[in-house]
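Enquirer:
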Amino acid sequence: LYWFVAIGFLSSFTTFSTFVMEINTLWDNNKLKGIEYTVYSLVFGFTVLSLGFILGEQLLLTS
């Protein structure tokens, strides 16, 4: 279990740094695209996160 947590924690750094790098690249080229990318990514991510919680709760209630 320790290794799964450690690997997951460390891989979150690379995922986040890639996200920030993409935002910076878009921001440098076109500020509107950088803002749109950030907003759409966060809204979509939190929407999918919420759906995951809802579906997980439903699965726990039906089993």
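To convert a position in the sequence shown, counted from 1, into our numbering, add 984. Ideal Cβ positions, reconstructed from N, Cα and C, are used throughout, including at glycine. What you are looking at is a predicted structure, and each value in this text was computed from that prediction instead of being measured.
Report all residues from its chain with a CB closer than 6 Å to the CB of Ile-1007; omit the five preceding and five following residues, and keep chain order.
Expert: Translated into positions along the sequence shown, residue 1007 becomes position 23. If we look at Ile-1007 and ignore the five residues flanking it on each side, its Cβ neighbours are Gly-1018, Thr-1022.
Enquirer: Between which two residues does the alpha helix (DSSP H) holding Ser-995 run?
Expert: To locate residue 995, count along the sequence shown from 1; it is residue 11. From DSSP, the alpha helix (DSSP H) with Ser-995 extends over 986-1013.
Enquirer: When you compare only the Cα positions, how much space is there between Leu-985 and Asn-1014?
Expert: Locating residue 985 in the sequence shown gives position 1, where the first residue counts as 1. Locating residue 1014 in the sequence shown gives position 30, where the first residue counts as 1. Cα to Cα, the separation comes out at about 43 Å.
Enquirer: Could you name the residues of the same chain whose beta carbon sits closer than 6 Å to that of Glu-1041, not counting the 5 residues immediately before and after it, in chain order?
Expert: Numbered from its first residue, the sequence shown carries residue 1041 at position 57. Excluding positions up to five away in sequence, the list is empty.
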